[in-house]
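See below for the structure under consideration.
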Amino acid sequence: MKKGIILLPAIVLALFVCAFSAPSGARGLPQKNDACLACHGEKEMKSESGKSIFVDPAKLSASKHAGVACQNCHTDIKDYPHPKKIARPQCATCHAGAAASVPKSVHGALGAESCSNCHNGAHEVQKAGRLPTKECATCHADEVAQYQQSVHAKFRSAGDAEAPVCLSCHGPAHKIVPRSDASSMVAKKNLPGTCGACHANPEFLARHQIPYARPVEAYKRSWHGRQIEAGNLKAASCSDCHGSHAIYGPQNARSKTNHWNVPATCGACHAEIEKAYDASVHGAAVARGVRGAPVCTDCHGEHTILAPSEPQSLVNPARVSSVTCGHCHSDERLAARYNLPLDKVPAFQDSFHGLANRAGSQTVANCASCHGVHNILASSDPRSMVSPQNIAATCGACHPGAGERFAIGRVHVLPETAAEHPVVRFVRVAYWWLIPLTVGFMLLHNGLDFFAKMARGGPRIHTGEEVPRMNLHFRIAHWLTVLSFPTLVLTGFALKFSESWWAAPVVQWEGQMTVRATTHRIAGVVLIASVVYHVGHLIWRKRDRIILWRLIPDIKDVTDLLGVIRYNLGLTDERPRFGMFSYAEKIEYLAYMWGTVVMVSTGFLLWFENFTLRNFPKWVTDAATAVHYYEAILASLSILIWHFYMTIFDPDVYPMDKAWWNGKASADHLKHTRPEYYMEIVSKQSEEKAPPEKKSG
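When we follow the numbering used here, the leftmost residue of the sequence shown carries the number -13, and every step to the right adds one.
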């Protein structure tokens, strides 16, 4: 028989000796444990089956159970010698809560060994909060090995007590449940909250100098975050992109979020897209190690990845060109480094596509519409959507028939560059001379007239007498123009200057409906209707066609213009007298009719762009755009400076010539400026009022 069991006297003697010479490692333990350690404190102590029943006094005194008497756990030992077979201690005796939780946890599968496996054995029990990662490694060696290489372990080993360990993410040891369990802290739906315990804390981010502002909040707002919250477990959560245990900083070559690894990380869910991207000009550049080449996160964002249909998405049709593509392709440093052309983005932004895009249109073509999304290739590549052999089909997707008769020319063309067509250059240069000269003449003429009249002063006669000036038909045509012209100006320039404060009310709906464009076209039709009505009126009423003859310029208009200038300069005391129309009114009428023809013809070329692109070379559209824009500037300034002065701000008619409203003009003004015409009107009125002559017989 074994030592300690053969003879009772020997045992008693041993206990007596041990009572006065307990092992030094047992100091601090309850004295009642000394008798047990007298035998079990010997390293050679074994059971009948040969199993070691040695209890290391030093480890016991360092354990959580250091102050617990042996009999508290071994409750069936009442005396010595104790029974050969001793019942397994029940942790639930003291730890009822934990004992109730463990069977429901993932560790419940370990059965009776679950407590001792994690707590380092019954006699070396450690407090759960102090469990080193190595305890988990007993069963989870691979996961722990990955963790020990991670950025979390790096900070932990450097003494950062805030760096997470296993229990930080998986929860209390007794309540750990499988990841597939909806209540698990590492279940997909719960990961944002788990990671957010640290990464949603601004103070934590500041202390650890983490540069990403509010990453968890950003993720929760993203398409992925909202899909996860809605129960779509196929959407990406934190661990899908950053890893589970092997989480590295983005600068680490092993990190899943390292710049070079991002396409593969996203490709885990988006395999077909990754394949297309890898074959693209961007993917090929990344494969060659070009640091400036964009990866998924450069275009879609990092944590706040939104669906393309969402207005704030970086790849939303209204933003992809200016915010995303333009970020690189308008960067001077990148252009110089990689020999990229810098004219493409500004040329696009100045085109109709770019202007409508900046105004918020969701349907107009953007960079991705023509160059592709993930499959972007160089224009020299036969597979490219913008290669010479494919460009007609690409444009034809929106403009059927484009390029059928004429090859699609240069698309991104900036003014004053070699790519600009000679006709377009001529139009631009011509208007650059015409607009300043015309506006300068109007300002000088009206300014001189205004200040001369103000300086000359004198009382104005106001008898209140009015005479007919515009009949109803003339006024209807004028009203249609008054209604349409300002609308055309506002909605037209709102496209060109959509970022301006005054344009905001006009373009605010462009993302959902083409309010601006539709209103502009309706106003154009109304303007055409005013001209058609005016022409029809003159054809129908012979009596009113007299204005056509009176509006034809003659040599007297030249002498009248020179006479007015001389009179306003004080070089003569004789003021010119006008007929039915002055030279200023003739100039305006002819300019209005000519401008309307120009604006309508170019407007139709732009409105029916499919017809234009199908039947004319592209430079015709470019020329029509230039003419339409510059003529609009000239027409707007002419109305503001020339027409408004004659009908409102001229001291002789201020505050307004009301002929456009009630058809009557001030008799006092006509007597003063055109007395012969006034007498003509009075004579006609007398004839109309006179009773018809009675026939004799």
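Ideal Cβ placement from N, Cα and C applies to all residues, glycine included.
Because the structure is a prediction, the values reported are computed rather than measured.
Subject >> Inter-residue Cα distance where the pair is Val690 and Ser486 >> reply: What the structure shows of the chain is the stretch from -13 to 683, and residue 690 is not part of that stretch, so it cannot be assessed.
Original post:
Below 8 Å between beta carbons: does that hold for Ser307 and Asn343?
Top reply: Here residue 307 refers to the residue found at position 321 of the sequence shown. Here residue 343 refers to the residue found at position 357 of the sequence shown. In this structure, Asn343 lies closer than 8 Å to Ser307 by Cβ.
**OP:** Could you tell me which residues DSSP pairs with Ser295 in its beta bridges?
**Re:** Against the sequence shown, residue 295 aligns to sequence position 309. DSSP output for Ser295 lists no bridge partner at all.
Original post:
Would the beta-carbon of Gly581 fall within 8 Å of that of His614?
Top reply: What you label residue 581 is simply residue 595 of the sequence shown in a count that begins at 1. What you label residue 614 is simply residue 628 of the sequence shown in a count that begins at 1. No Cβ-Cβ contact shorter than 8 Å links Gly581 with His614.
Original post:
Would you report the Cα separation of Lys206 and Gln213, rounded to the nearest angstrom?
Top reply: Numbered from its first residue, the sequence shown carries residue 206 at position 220. Numbered from its first residue, the sequence shown carries residue 213 at position 227. Between Lys206 and Gln213, the C-alpha separation is close to 9 Å.
**OP:** Assuming Val475 and Ala618 form a contact by the criterion Cβ under 8 Å, report the distance between their Cβ atoms to the nearest whole angstrom.
**Re:** Locating residue 475 in the sequence shown gives position 489, counting from the first residue. Locating residue 618 in the sequence shown gives position 632, counting from the first residue. Right, their Cβ atoms sit about 7 Å apart.
Original post:
From this set, Ser587, Lys604, Phe594, Ser568, which residue's C-alpha is nearest Leu656's C-alpha?
Top reply: Within the sequence shown, numbered from 1, the residue matching residue 656 stands at position 670. The shortest Cα separation from Leu656 among Ser587, Lys604, Phe594, Ser568 belongs to Ser568.
Subject >> Cβ neighbours of Gly382 in the same chain (closer than 8 Å, five flanking residues each side left out) >> reply: Taking the first residue of the sequence shown as position 1, residue 382 is located at position 396. Taken in chain order, the residues that qualify are Ala388, Gly389.
Original post:
Between Ser484 and the rest of its own chain, which residues show a CB-CB distance below 6 Å, the 5 nearest in sequence each way excluded?
Top reply: Residue numbering aside, residue 484 sits at position 498 when the sequence shown is read from its first letter. Once the five neighbours on either side are set aside, the close Cβ partners of Ser484 are Arg344, Ala345, Val493.
Original post:
For the putative contact between Val202 and Ala186, defined by C-beta atoms under 8 Å, what is the C-beta separation to the nearest angstrom?
Top reply: Translated into the one-based positions of the sequence shown, residue 202 becomes position 216. Translated into the one-based positions of the sequence shown, residue 186 becomes position 200. Val202 to Ala186, Cβ: 4 Å. Contact.
**OP:** Whole angstroms is fine: what's the gap from Ser299's alpha carbon to Gly287's?
**Re:** Locating residue 299 in the sequence shown gives position 313, where the first residue counts as 1. Locating residue 287 in the sequence shown gives position 301, where the first residue counts as 1. Taking the straight line from one Cα to the other gives about 9 Å.
Original post:
So does Asp530 have its beta carbon nearer than 7 Å to some heavy atom of the ligand GTP?
Top reply: Summarising the ligand content, the structure contains no ligands, and the ligand GTP is consequently not present.
Original post:
From Gln135 to Cys122, what does the alpha carbon distance come to, in whole angstroms?
Top reply: As a working mapping, residue 135 is identified with position 149 in the sequence shown. As a working mapping, residue 122 is identified with position 136 in the sequence shown. Each residue's alpha carbon lies about 15 Å from the other.
Subject >> Buried versus exposed, by CB contacts within 10 Å (16 or more), Ile39 >> reply: On the sequence shown, position 53 is the one that residue 39 refers to. Exposed, since its Cβ has fewer than 16 Cβ neighbours within 10 Å.
Original post:
Excluding sequence positions up to five away, which residues of its chain have a Cβ less than 6 Å from the Cβ of Asp226?
Top reply: The residue you call residue 226 lines up with position 240 of the sequence shown. Cβ contact annotation for Asp226 (same chain, cutoff 6 Å, sequence separation greater than five): none.
Subject >> Inter-residue spacing [alpha-carbon to alpha-carbon] between Ser10 and His105 >> reply: Here residue 10 is taken as the residue at index 24 of the sequence shown, counted from 1. Here residue 105 is taken as the residue at index 119 of the sequence shown, counted from 1. Model confidence at Ser10 stands at a pLDDT of 45, short of 50, so the residue's coordinates are unreliable; what they give is reported in the following sentence. Distance between the alpha carbons of Ser10 and His105: 24 Å.
**OP:** Put Ala651 into one of helix, strand or coil per three-state DSSP.
**Re:** In the sequence shown, counting from the first residue as 1, residue 651 sits at position 665. Reduced to three states, the DSSP call for Ala651 is strand.
Subject >> For Gly182 and Ala139, the rounded distance between their alpha carbons >> reply: Start at 1 with the first residue of the sequence shown, and residue 139 comes out as number 153. Start at 1 with the first residue of the sequence shown, and residue 182 comes out as number 196. Looking at the two C-alpha atoms, the distance is approximately 18 Å.
Original post:
Considering only residues of the same chain and omitting the five flanking positions on each side of Gln348, which have a CB-CB separation below 7 Å?
Top reply: The residue given as residue 348 occupies position 362 in the sequence shown. Excluding residues within five positions, the ones whose Cβ falls inside 7 Å are Pro303, Ala304, Gly497.
Original post:
Opposite Pro454 in the DSSP bridges: which residues?
Top reply: Taking the sequence shown and counting its residues from 1, the one referred to as residue 454 is at position 468. Looking at the DSSP assignment, Pro454 forms a beta bridge with Lys650.
**OP:** Quick one: give me the first and last residue of the alpha helix (DSSP H) that His26 is part of.
**Re:** Sequence index remark: in the sequence shown, residue 26 carries index 40 (1-based). Note, His26: alpha helix (DSSP H), 20 to 26.
Subject >> Delimiting residues of the alpha helix (DSSP H) encompassing Gln132 >> reply: Counting from 1 along the sequence shown, the entry for residue 132 is found at position 146. Residues 127 to 134.
Original post:
In whole angstroms, what is the alpha-carbon distance linking Val584 and Tyr263?
Top reply: Locating residue 584 in the sequence shown gives position 598, counting from the first residue. Locating residue 263 in the sequence shown gives position 277, counting from the first residue. Going by the C-alpha atoms only, they are around 47 Å apart.
Original post:
Do Cys224 and Leu177 come within 8 Å of each other at the CB atom, strictly closer than that value?
Top reply: For this step, residue 177 is matched to residue 191 along the sequence shown. For this step, residue 224 is matched to residue 238 along the sequence shown. The answer is yes: Cβ separation under 8 Å.
Original post:
Is Lys70 helix, strand or coil by DSSP?
Top reply: Here the question's residue 70 lines up with position 84 in the sequence shown. Correct three-state label for Lys70: coil.
Subject >> Rounded separation between Asn244 and Gly211 - CA only >> reply: Taking the sequence shown and counting its residues from 1, one reaches residue 244 at position 258. Taking the sequence shown and counting its residues from 1, one reaches residue 211 at position 225. Each residue's Cα considered, the two are about 21 Å apart.
Subject >> C-alpha gap between Ile627 and Ser370, whole angstroms >> reply: On the sequence shown, residue 627 is found 641 positions in, with the first residue counted as 1. On the sequence shown, residue 370 is found 384 positions in, with the first residue counted as 1. Approximately 51 Å, taken between the alpha carbons.
Subject >> Pro150 versus Ala480 - alpha carbon distance >> reply: For the purposes of this step, residue 150 is identified with residue 164 of the sequence shown, where counting begins at 1. For the purposes of this step, residue 480 is identified with residue 494 of the sequence shown, where counting begins at 1. Roughly 55 Å separates the two Cα atoms.
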